[in-house]
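As structure tokens, the structure follows; a few thoughts come after it.
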Amino acid sequence: MKVKKAVIPAAGLGTRFLPATKAQPKEMLPIIDTPSIQYVVEEAVRAGIEDILIITGRGKRSIEDHFDRSVELESFLESKGKFDELKQVRQISDMAMIHYIRQGDPLGLGHAVAVAEPHVGDEPFAVLLGDDLISASTPLLEGMLKIHERYGRSVIAVQEVSRDEISLYGSIQPEFVEENLARVVSIVEKPEPDDAPSNLAAIGRYVFTPEIFDALRETKPGRGGEIQLTDAINLLAQEQAVYAYLFEDGRYDVGNKLDYLKATVEIAIERDDVGPEFRLWLADLVQRKKLL
Ligand code: UTP
Numbered sequence: 676m677k678v679k680k681a682v683i684p685a686a687g688l689g690t691r692f693l694p695a696t697k698a699q700p701k702e703m704l705p706i707i708d709t710p711s712i713q714y715v716v717e718e719a720v721r722a723g724i725e726d727i728l729i730i731t732g733r734g735k736r737s738i739e740d741h742f743d744r745s746v747e748l749e750s751f752l753e754s755k756g757k758f759d760e761l762k763q764v765r766q767i768s769d770m771a772m773i774h775y776i777r778q779g780d781p782l783g784l785g786h787a788v789a790v791a792e793p794h795v796g797d798e799p800f801a802v803l804l805g806d807d808l809i810s811a812s813t814p815l816l817e818g819m820l821k822i823h824e825r826y827g828r829s830v831i832a833v834q835e836v837s838r839d840e841i842s843l844y845g846s847i848q849p850e851f852v853e854e855n856l857a858r859v860v861s862i863v864e865k866p867e868p869d870d871a872p873s874n875l876a877a878i879g880r881y882v883f884t885p886e887i888f889d890a891l892r893e894t895k896p897g898r899g900g901e902i903q904l905t906d907a908i909n910l911l912a913q914e915q916a917v918y919a920y921l922f923e924d925g926r927y928d929v930g931n932k933l934d935y936l937k938a939t940v941e942i943a944i945e946r947d948d949v950g951p952e953f954r955l956w957l958a959d960l961v962q963r964k965k966l967l
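Residues in the sequence shown are numbered from 676 upward in steps of one, following the numbering used here.
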């Protein structure tokens, strides 16, 4: 069955990015001039998904406003003859059919996905974390959707990380079936490096069969007292095959300050408008500060 819907959980509190996230959602922090959640929506649209559900919560209104029409702004831009800007602003609201559900309390990523059930129904669907950016040149979601079409099962994206970093992620025990595809034997949330089954970390892209909702219903609060998506995936993997799709680079966790900086620099040097001047400035900075 073709995947037609995507869920973007964006109800977290963003405590790693305080104070910026005290009064604004971390998903709205811009990478140059575009809020990170817009890159995520664009990624889903590029993969052919146009029905998008964003899980929001208190203090996240600006996400809804961003994807809505802005009649005053549009008529202002039109009256000033700023037609390029007008086109850009309209494209944001025309890009996809975006729906919203509020999570109520941020009880964990698993809980955020569970509240999507009435919208998703009995269909496979994709989940894209609102603070994980995948470079536009990495067709990760497209690759995962192909695996889902081939096997009809859930697929999670995994990336190799260092032993020290694995305790920040869900770590899988893989059983490789192809070079970059493994069956998930088990998955554990944020293990101590010595207890991690591998250094393959689940990152924020998933394609699920609807049975994940049954698994979520059975999932008790886990690490940090939150309903962990990882624990539900582990339950699901015991019932039906779950695949892990291994990819190499082009991912930034922009909820983390260092990755946010890296994403900003990398996207900036590739942009046609600011890129050429920024590259020269950066090269000069590296020399001046003797960074190399
Ligand atoms: P994170 O753990 O990265 O988000 O969750 P957080 O809790 O906002 O961030 P920190 O750790 O406090 O800085 C991954 C994704 O899951 C969403 C977040 O919005 C983020 O996109 N999430 C998390 C929810 O939607 N609901 C939750 O209850 C928890």
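Note that CB positions come from ideal geometry on N, CA and C, so glycine has one too.
Alpha carbon of residue i to alpha carbon of residue j, nearest angstrom
i    : j    : result
M772 : L966 : 46 Å
V882 : M819 : 7 Å
G723 : A871 : 35 Å
L955 : K937 : 17 Å
T690 : G845 : 19 Å
G785 : T884 : 15 Å
I706 : P793 : 32 Å
R929 : S810 : Here the sequence assigns Val to residue 929, which means Arg is not the residue at that position. Between V929 and S810, the C-alpha separation is close to 12 Å.
V678 : V790 : 18 Å
V859 : A787 : 22 Å
I727 : R963 : 46 Å
V764 : A832 : 32 Å
A916 : V830 : 9 Å
E997 : K697 : This structure gives no information on residue 997, because the portion of the chain shown stretches from 676 to 967.
P781 : A958 : 43 Å
L803 : I712 : 10 Å
E747 : E702 : 24 Å
S754 : S745 : 14 Å
Y918 : L856 : 7 Å
H741 : R898 : 33 Å
T813 : V940 : 17 Å
R880 : P951 : 32 Å
F758 : L816 : 33 Å
T905 : E864 : 6 Å
The ligand UTP heavy atom lying under 7 Å from the CB of residue i
i    : result
D806 : yes
I730 : yes
F692 : yes
L816 : no
A771 : no
A686 : yes
W697 : Reading the sequence as shown, one finds Lys at residue 697 and not Trp. The answer is no for K697.
H774 : no
Q903 : no
K969 : Nothing can be reported for residue 969, as the shown portion of the chain is limited to 676 through 967.
H741 : no
H794 : no
Q778 : yes
A787 : yes
L782 : yes
G845 : no
G930 : yes
G689 : yes
Host beta strand (DSSP E) of residue i (start-end)
i    : result
V716 : No beta strand (DSSP E) holds V716; the alpha helix (DSSP H) holding it covers S711 to R721.
V790 : Unbroken run through V790: none, as it is neither H nor E.
I809 : D807 to I809
L803 : F800 to L803
Beta-bridge partners of residue i, as assigned by DSSP
i    : result
E853 : L856
P684 : I730
A916 : In the DSSP output, where bridge partners are listed per residue, A916 has none listed.
D928 : D807
L921 : V833
V882 : A801 and V830
P705 : P710
Span of the alpha helix (DSSP H) around residue i
i    : result
K932 : K932 to E945
F692 : First-last for F692: undefined, no H or E at that position.
V961 : G950 to R963
R898 : Per DSSP, R898 belongs to no alpha helix (DSSP H) and is neither H nor E.
L891 : I887 to E893
Neighbour flag for residue i against chain D, beta carbons, 8 Å
i    : result
E945 : No chain D appears in this structure, which consists of one protein chain only.
Near the ligand HEM: residue i beta-carbon under 7 Å from a heavy atom
i    : result
G734 : Judged by which ligands are present, the ligand HEM is missing from the structure shown, whose ligands are the ligand UTP.
Would you mind listing the alpha helix (DSSP H) stretches within the stretch 711 to 788 that are 4+ residues and don't spill past its ends, in chain order?
711 to 721, 736 to 742, 746 to 754 and 758 to 769
Can you list, in chain order, the stretches of the alpha helix (DSSP H) that have 4 or more residues and sit fully within the stretch 815 to 877?
815 to 826
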